[in-house]
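J.:
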Amino acid sequence: MNLTRPVAFWIAVLAAVVVAVVLLREVLLPFVAGMLLAYLLDPLATRLERLGMNRLVATLTIVGLFVVGVTTLIILTAPVVVGELAYFIDNFPLYIKTVRGFATDPDRPWLSKLVGEGLAYAEQSVGELTAMATAGFKDFLRSVWTGGRALISAFSLLVVTPIVACYLIYDWKKMVAVIDNWIPPAQRDTVRALAREIDDTIGGFLIGQGTLCLILAVFYAAALSVLGLKHGILIGIAAGLISFVPYLGSLSGLVTSTCVAIAQFWPHWAIIWIVPAIFFVGQTLSDYLLSPYFVGRRVNLNPVWIMFALFAFGYLFGFVGLLIAVPLASAIGVLTRFALQRYYESFFYTATPRATTTDAVRLTHCDKKMD
207 MNLTRPVAFW IAVLAAVVVA VVLLREVLLP FVAGMLLAYL LDPLATRLER LGMNRLVATL
267 TIVGLFVVGV TTLIILTAPV VVGELAYFID NFPLYIKTVR GFATDPDRPW LSKLVGEGLA
327 YAEQSVGELT AMATAGFKDF LRSVWTGGRA LISAFSLLVV TPIVACYLIY DWKKMVAVID
387 NWIPPAQRDT VRALAREIDD TIGGFLIGQG TLCLILAVFY AAALSVLGLK HGILIGIAAG
447 LISFVPYLGS LSGLVTSTCV AIAQFWPHWA IIWIVPAIFF VGQTLSDYLL SPYFVGRRVN
507 LNPVWIMFAL FAFGYLFGFV GLLIAVPLAS AIGVLTRFAL QRYYESFFYT ATPRATTTDA
567 VRLTHCDKKM D
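The sequence shown begins at 207 in the working numbering and counts up one residue at a time.
1. Pick helix, strand or coil for Thr265, following the three-state DSSP scheme.
2. Nearest to Ala164 by CA position, among Leu234, Val223, Leu254 and Trp378, is which residue?
3. According to DSSP, is Met381 helix, strand or coil?
4. Whose C-beta lies closer than 6 angstroms to the C-beta of Ile484 among residues of the same chain, with five residues either side of it excluded?
5. Could you round the C-beta distance between Gly240 and Leu374 to whole angstroms and report it? I think they count as a contact, below 8 angstroms.
6. Exposed or buried, Leu541, counting other C-beta atoms within 10 Å across all chains shown (16 or more means buried)?
7. Rounding to the nearest angstrom, what Cα-Cα distance links Ala537 and Ser431 in this structure?
8. If you reduce the DSSP assignment to three classes, tell me which class Ala218 lands in.
9. Can you tell me the Cβ-Cβ gap for Ser456 and Ser463, rounded? I've got them flagged as a contact below 8 angstroms.
10. For the 8 angstroms Cβ check, are there 3 or more pairs between the segment 485-501 and the segment 410-426?
11. Just how far apart, CA to CA, sit Ser497 and Lys380?
12. Give the straight-line distance between the Cα atoms of Thr407 and Gln470, rounded to the nearest whole angstrom.
13. Does DSSP put Met259 in a helix, in a strand, or in coil?
14. Cα separation between Phe519 and Ala535?
15. Pairs of beta-carbons, one from the segment 281-297 and one from the segment 433-440, closer than 8 angstroms: are there three or more?
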């Protein structure tokens with residue numbers, strides 16, 4: 207069977223999708239967010255439907271509860287987070303100055319060579335960035351009110367996303383049936399098996415890694431707060447949520463909290479060393495206890511591949527790229543393993559090498575000698 211035309215067709219379709227995403231990335235955010243929300247909430251709607259609830263009622267109930275829960279969470283946490291963030295920004299130059307004084311101590315010339323000059327440059331840069339940020343913030347507010355672009359984006363994300371999610375959850379089975387009908391009957395079993403594996407990978411990673419991030423955020427925030435570290439809640443929550451990118455959250459939280467701890471507790475080294483210990487314990491629990499339980503081996507996604515996908519798609523498509531990075535990385539991983547499996551089973555890989563002309567001549571001579 208000639209596969210040139212089908213392959214060329216799907217390559218053209220893929221190229222068209224990539225071009226559309228690049229051109230429309232600024233307006234696709236609420237729709238992509240709605241698709242991801244529908245993907246995560248559809249199993250719950252299906253379960254409620256099996257219990258006897260109408261599909262429409264189940265969809266509206268789930269999306270409504272989700273919107274109310276997120277809104278309540280934002281209302282309760284926003285004042286604390288914004289206050290901590292403002293306090294941290296105001297005191298950040300002081301922290302750098304304190305750490306610089308510690309690093310440039312004449313009793314530690316080796317430390318001065320390592321970080322002293324860098325901290326001096328950082329202190330100067332922070333002052334310049336603060337002035338630029340103040341002016342830039344004023345310009346940003348002015349552009350928001352005049353252009354209204356940011357307001358429209360925020361409005362579309364908050365309003366359009368739930369509406370898109372409702373429609374997609376309600377019609378999820380119909381959409382799956384239509385897509386399934388597009389597939390040639392001879393290939394449906396294979397495509398369905400691949401789709402189930404991709405679904406297991408994406409769902410397992412999103413739900414498992416999301417739960418893991420929340421647990422780490424609570425652990426870091428609680429541990430740093432009990433220690434008495436300034437901005438402990440803000441640093442802990444940020445480090446936990448950034449842990450969606452493997453190892454990035456723990457490393458960024460470790461560096462930031464250690465600098466704050468040195469500025470706050472120096473010269474009490476016993477307290478300062480507790481901060482790296484907290485992040486070491488958190489990362490160890492994540493790698494050896496929480497990740498195997500919540501994410502599991504069935505996800506089969508390499509952390510390096512996830513980090514590359516997030517950075518690459520984020521660079522190419524912006525925030526939309528961050529939302530589609532994990533699903534696309536999962537799909538590419540599953541399809542790559544399937545292609546390798548087919549390659550290993552193919553005649554091209556399993557065929558025995560043909561005897562060369564030299565080997566044939568040698569065999570002929572051997573036969574003649576034996577005769």
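Note that beta-carbon positions come from the ideal geometry of N, C-alpha and C, so glycine has one too.
T.: Reading from the atomic positions:
1. As a working note, residue 265 is residue 59 in the sequence shown. Correct three-state label for Thr265: helix.
2. No statement about residue 164 is possible, as the shown extent of the chain runs from 207 to 577 and does not include it.
3. Taking the sequence shown and counting its residues from 1, one reaches residue 381 at position 175. In this structure, Met381 counts as helix in the three-state DSSP scheme.
4. The residue labelled residue 484 in the question sits at position 278 within the sequence shown. Excluding sequence neighbours, Ile484 sits near Ala429.
5. Your numbering for residue 240 matches position 34 in the sequence shown. Your numbering for residue 374 matches position 168 in the sequence shown. Right, the Cβ-Cβ distance comes to about 6 angstroms (below 8 angstroms), so this counts as a contact.
6. For the purposes of this step, residue 541 is taken as the residue at position 335 of the sequence shown. Leu541 should be labelled exposed.
7. As a position in the sequence shown, residue 537 is number 331, starting the count at 1. As a position in the sequence shown, residue 431 is number 225, starting the count at 1. Straight-line Cα distance between these residues: approximately 40 angstroms.
8. Within the sequence shown, numbered from 1, the residue matching residue 218 stands at position 12. Helix.
9. Here the question's residue 456 lines up with position 250 in the sequence shown. Here the question's residue 463 lines up with position 257 in the sequence shown. Their Cβ separation, rounded to whole angstroms, is 10 angstroms, which puts Ser456 and Ser463 out of contact at 8 angstroms.
10. yes
11. For the purposes of this step, residue 497 is identified with residue 291 of the sequence shown, where counting begins at 1. For the purposes of this step, residue 380 is identified with residue 174 of the sequence shown, where counting begins at 1. Using only the alpha carbons, I get a separation of about 35 angstroms.
12. Looking up residue 407 in the sequence shown gives position 201. Looking up residue 470 in the sequence shown gives position 264. Between Thr407 and Gln470, the C-alpha separation is close to 44 angstroms.
13. Looking up residue 259 in the sequence shown gives position 53. Coil, per DSSP.
14. What you label residue 519 is simply residue 313 of the sequence shown in a count that begins at 1. What you label residue 535 is simply residue 329 of the sequence shown in a count that begins at 1. Between Phe519 and Ala535, the C-alpha separation is close to 10 angstroms.
15. yes
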